[in-house]
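Start counting at 1 in the sequence shown, then tack on 17, and there's your number in my numbering.
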Amino acid sequence: MSLLDRHRAVMPTWMPVYYGEDALEIVSGSGRRVTDATGRTYLDFFGGVLTTMIGYDIAEISDAVRSQIGTGVAHTSTLYLIRQQVELAEKIARISGIPDARVFFTNSGTEANESALLMATNVRRSNQVLAIKNSYHGRTFGTMAITGHRSWSSSSLSPLSVNWLASADRLRGRMAGLGDTDLIDAAVDDLREVLATVTAGDVAALIAEPIQGVGGFVHGPDGLLGAYRKVLDESGILLIADEVQTGWGRTGDHFWGYQAHDVVPDLITFAKGIGNGYALGGVIGRAEVMNAVPAISFATFGGNPISTAAGNAVLDYVLDHDLQGNAKRVGTILLDGLRALDTSIVAAVRGRGLMIGLEFVRPGTTEPDPAVTARVFDLCRQNGLLVGKGGLYGNVIRIGPALTLTEAEARDGLAILSEAVMTADTEIR
Ligand code: PLP
């Protein structure tokens with residue numbers, strides 16, 4: 018029996034895993050490359066799922082984890098002090114941009130968002146939350162309720178009362194075709210209308226991804242969150258920035274995605290890349306918000322010594338090697354190369370740094386084409402390149418490699434992806 022058949026026999030059928038019938042089993046990795054069970058090697062342009070942020074088998078990270086394992090303590094309890102955790106919290110608080118920040122560690126992005134929602138709703142004594150259509154925030158009761166993406170949001174029985182703002186999708190919907198200034202005006206009007214009509218006036222928070230990740234790397238103009246913030250401030254509504262995909266320099270221009278928006282959020286949530294594969298997430302926030310909810314002051318495994326040893330090594334690596342600068346440099350090569358493609362099946366090449374999306378449509382229209390997207394995805398894989406898929410209609414190819422991606426690797430991957438797009442373009446005619 019194949020591994021995929023064994024998986025089907027023992028795991029729930031609704032698990033949204035594995036791309037296709039010929040799912041890969043990755044058995045090893047080095048740098049930005051992984052090898053599957055058949056011995057074939059691939060350049061990973063998706064960095065796991067933006068999780069392997071430094072790369073595979075990186076000595077500094079592996080050594081830090083090995084050294085913690087060498088102490089004999091994989092985990093004790095958050096009832097005792099954990100040096101790795103305290104040191105990482107100090108570094109993250111310092112770099113967060115939030116004055117007098119506190120950090121609460123979790124095991125995942127979902128838990129981080131769930132915790133942020135708990136904090137915001139408790140502080141504001143309201144269960145009303147604003148979220149953005151096409152968002153993705155996690156897999157629990159609360160986080161699915163604020164996920165505005167049909168295939169990922171199946172909780173209609175949430176304890177939260179959620180109202181929705183339009184996403185900054187420039188291809189379709191109420192923001193279609195708008196330039197930056199008009200889009201910000203339309204978004205602010207939308208927020209005011211939602212607040213004035215469908216909320217009871219005492220909203221706890223707005224949660225937003227600076228660049229929508231699972232939604233297909235959709236993002237509004239710089240300054241959008243700041244414009245929202247001015248309206249939110251009129252009623253004391255908190256702003257939560259979900260930086261699970263956008264944090265740690267990935268967007269190139271900034272260390273945090275929110276920094277493109279002339280605003281400082283009340284709460285930031287993070288996860289994915291900071292552990293480089295070890296499970297680590299958390300919330301950063303203003304002391305008066307974070308200290309208001311003593312009941313969430315620990316999670317058994319949140320910030321455990323192994324994950325935080327990895328986290329410290331990852332954060333040091335990002336800063337010591339200026340990976341934000343690398344994301345900008347190498348991301349620009351990719352963005353320029355993809356924008357230069359002469360094709361009518363790509364309606365948008367968007368993103369920033371090493372977070373780039375290509376949206377596929379029927380030639381010359383804005384009608385989503387998931388089939389051609391799947392074809393490009395398959396062609397890439399056949400030629401040794403792993404990319405991600407996403408978007409509301411499954412019609413976006415996503416690139417989110419390790420931030421250590423070299424210029425040569427970027428050009429190799431760009432060549433494979435470009436050829437796949439042009440082949441699909443020819444086939445469809
Ligand atoms: N928030 C965003 C923006 C995400 O992209 C994700 C995961 O893809 C999550 C939250 C949930 O994180 P996790 O899968 O670690 O629970």
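The beta carbon of each residue, even a glycine, is placed where N, CA and C say it ideally should be.
Because the structure is a prediction, the values reported are computed rather than measured.
- Each residue's CA atom was taken as its position, placing G381 and S47 some 40 Å apart.
- Around the beta carbon of N308, fewer than 16 other beta carbons lie within 10 angstroms, which makes this residue exposed.
- According to DSSP, residue pairing for G319 in a beta bridge does not occur.
- Within the chosen limit of 8 Å, ligand 1 reaches the beta carbon of R156 through at least one heavy atom.
- Distances from the alpha-carbon of G114 to those of G407, I228, L396 and A277 put A277 closest.
- Counting C-beta atoms within 10 angstroms of its own C-beta, M28 has fewer than 16 neighbours from the protein chains shown and is therefore classed as exposed.
- By the CB criterion at 9 Å, V66 and G405 fall inside the cutoff.
- Its chain contains D395 as the residues whose beta carbon lies nearer than 8 Å to that of G37, once the 5 sequence neighbours on both sides are disregarded; these appear in chain order.
- The Cβ atoms of A419 and Y73 sit closer than 9 Å to each other.
- As the crow flies, the alpha-carbon of E128 is around 46 Å from that of R446.
- For V300, the shortest separation between its Cβ and any heavy atom of ligand 1 does not lie below 8 Å.
- The C-beta distance from V389 to A437 rounds to 10 Å, too long to meet the 8 Å contact threshold.
- Rounded to the nearest angstrom, the gap between the Cα atoms of P322 and V331 is 14 Å.
- By the CB criterion at 9 Å, G320 and L135 fall outside the cutoff.
- The criterion of a C-beta distance shorter than 9 Å is satisfied by D259 and H154.
- The bridge partners DSSP lists for W181 are A148.
- Between the beta-carbon of A137 and that of A225 there is about 13 Å, and that puts the pair past the 8 Å contact cut.
- Residue environment analysis places M192 among the buried positions, since at least 16 neighbouring C-beta atoms fall within 10 angstroms of its C-beta.
- Residue pairing from DSSP places V120 in a beta bridge opposite I301.
- Proximity of the beta carbon of K289 to ligand 1 is indicated: a heavy atom of the ligand is located closer than 8 Å.
- In the three-state scheme derived from DSSP, where H, G and I count as helix and E and B as strand, T382 is classed as coil.
- For V205, the enclosing alpha helix (DSSP H) begins and ends at D197 to T214.
- One Cα belongs to W181, the other to G294, and the distance between them is close to 32 Å.
- The Cβ neighbour count for L98, taken over all protein chains shown within 10 Å, is under 16; the residue is labelled exposed.
- At a cut-off of 8 Å, the beta-carbon of V66 counts as near ligand 1: some heavy atom of the ligand is closer than that.
- Relative to ligand 1, even the nearest heavy atom lies 8 Å or more away from the CB of V179.
- In this structure, A183 sits away from A162, with a CB-CB distance that is not shorter than 9 Å.
- Between D186 and V235, the C-beta gap is smaller than 9 Å, which places the two residues in contact.
- R119 is a Cβ neighbour of A110, given a cutoff of 9 Å.
- The Cβ atoms of G354 and L431 sit closer than 9 Å to each other.
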